[in-house]
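Residue numbers (the numbering used here): 272 to 831.
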């Protein structure tokens, strides 16, 4: 009876808050007459309501494993976030989109770039980065390249660069109409291809493979810009759900941690976008789970496991070198488990030592070779002793050489960063600022509190023993500590002017990939929290996510 009362209480609360959010949507529609927003809100509300209700029944009234409901919940929320946050609304999404487009060109056998390295796209897609038609095109270069080329000084408004009612109107209301013209007439010539003004990201192509595959399918089917964007995002979301679902399966204990991390609004927003952070977060969560599966459950570390770890090291880590220290947790796997034939003894033998060393060299080489091929220019820039200029700031930036010669200033700027920016990192990690770190678009403060309180209680439990041994906890602390240090160091060198009092360019989303090992270290039984409470915490995360989405949609609708 008590559970039924809870069920009706949540339903009534949901309906009340959903109605309040609807009044915002209604106000926006009254000013713009964009009736499709009401229809979109009703569909969004229905999807969220069904997901929340099913989750409540599943988590409160049954004892089934959370693994079964996880992919359904994340997929539905991913699709909902994809709708609420339209094309190019995620951090740096235009750069990631263009990077995936470049890979797509290669996939379907078309010319990828013009002479200066800018990416060639379909002329019908150029409006995504020039919503108001402000580009001025260069006649001579266009004729020379056979591609419509904007002048370098041109500036166009990227769609959804600011989340407002016009974002929905342009993308959902006008998107299909805008992309009907597959060719653009300019200066007496007709162009079916155009050049993007946004340079691609210089990183390992593997992190864009699936998004590029989605774009390629849309292009082969002859779909317009709206569906092209959606197909690429869907591919990224599918990979995210797949990797994190396997991560939940492999993690020996405390699987709810993965569920909670993936329900951070920031995480879901990234998962449903073109951002390579989607692949990075999912891959690191999978890697951590897989390593502890090898360390605590599987009897041996064999060739198959070496292939999995090597692929992660060579295809994912070079994208963001700062996460390289996470490989240190591989030392949690006992040496006697390393066996080519899969046969394990309690004592360490010569075969174990040889395979262990061979595995270490293989994993390290895969990272070094891939990193050198992709990031050698960046590494050379970091290691120089001369200060470089930051174009956006018009000032000189830090280098390793400068930091070594000014140790006191280096310590001071790290200290100031912790003092001044820690709140911002927390907010951007949990979802208070979404979109392009928009201070208006995000979960409400009460939702932020609920998520944080739930996360704190999740580290307590009835189990007398956590997953990690003391030596492995130390290993995790060291590896995560190095990751955090390298995150700050990289942005200090790449993005911080000498005049700044703290490290600039760091966002809370950079720390999401290492939250899982941190939670595993923090887990204890100092406060007895029943396992049923963990299911309640997961539901609260789902509930807050759903209501926050409705609130965000309503807020965007009244930003005229």
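Note that CB positions come from ideal geometry on N, CA and C, so glycine has one too.
Residue i and residue j closer than 9 Å at C-beta
i: residue 380; j: residue 471; result: no
i: residue 446; j: residue 496; result: yes
i: residue 598; j: residue 634; result: yes
i: residue 563; j: residue 531; result: no
i: residue 348; j: residue 322; result: yes
i: residue 833; j: residue 421; result: In the structure as shown, the chain begins at 272 and stops at 831. Residue 833 is therefore absent and cannot be evaluated.
i: residue 889; j: residue 370; result: It is not possible to answer for residue 889, since the shown part of the chain is limited to 272 through 831.
i: residue 596; j: residue 566; result: no
i: residue 551; j: residue 466; result: no
i: residue 482; j: residue 518; result: no
i: residue 241; j: residue 793; result: Only positions 272 to 831 of the chain appear in this structure, which leaves residue 241 out of reach.
i: residue 582; j: residue 668; result: no
i: residue 278; j: residue 343; result: no
i: residue 438; j: residue 396; result: no
i: residue 637; j: residue 560; result: no
i: residue 386; j: residue 463; result: no
i: residue 701; j: residue 722; result: yes
i: residue 440; j: residue 405; result: no
i: residue 516; j: residue 813; result: no
i: residue 507; j: residue 454; result: no
i: residue 713; j: residue 796; result: no
i: residue 629; j: residue 588; result: no
Residue i (DSSP reduced to helix, strand or coil)
i: residue 364; result: helix
i: residue 384; result: strand
i: residue 391; result: strand
i: residue 514; result: helix
i: residue 656; result: Low per-residue confidence applies at residue 656: pLDDT is 44, beneath 50, and the placement is therefore not dependable enough to give any value.
i: residue 571; result: coil
i: residue 406; result: coil
i: residue 462; result: strand
i: residue 705; result: strand
i: residue 694; result: helix
i: residue 811; result: helix
i: residue 576; result: helix
i: residue 304; result: coil
i: residue 534; result: coil
i: residue 666; result: strand
i: residue 494; result: coil
i: residue 661; result: strand
i: residue 897; result: For the chain, the structure presents residues 272 to 831; residue 897 sits outside this window and is missing.
i: residue 525; result: coil
i: residue 376; result: helix
i: residue 616; result: coil
i: residue 816; result: helix
i: residue 275; result: helix
i: residue 795; result: strand
Where the alpha helix (DSSP H) through residue i begins and ends
i: residue 673; result: 671-676
i: residue 447; result: 446-449
i: residue 422; result: Element bounds for residue 422: n/a, residue is neither H nor E.
i: residue 743; result: 741-766
i: residue 436; result: 436-439
i: residue 723; result: 716-729
i: residue 351; result: 337-355
Range covered by the beta strand (DSSP E) that runs through residue i
i: residue 832; result: In the structure as shown, the chain begins at 272 and stops at 831. Residue 832 is therefore absent and cannot be evaluated.
Cβ neighbour criterion (16 or more within 10 Å) applied to residue i
i: residue 469; result: buried
i: residue 821; result: buried
i: residue 802; result: exposed
i: residue 373; result: buried
i: residue 774; result: buried
i: residue 689; result: exposed
i: residue 334; result: exposed
i: residue 401; result: buried
i: residue 456; result: exposed
i: residue 632; result: exposed
i: residue 828; result: buried
i: residue 351; result: buried
i: residue 660; result: exposed
i: residue 376; result: buried
Below 8 Å, can you find three or more Cβ-Cβ pairs linking the region 693-703 to the region 796-807?
-> no
Touching by the beta-carbon criterion (3+ pairs, under 8 Å), the region 429-443 and the region 702-717 = yes
Sufficient close CB pairs (3 or more, under 8 Å) joining the region 480-497 to the region 302-312 = no
Inter-stretch contact at 8 Å, needing at least 3 Cβ pairs: the region 738-757 / the region 782-802 = yes
At a cut of 8 Å, does the region 507-514 reach the region 531-547 through at least three beta carbon pairs?
-> yes
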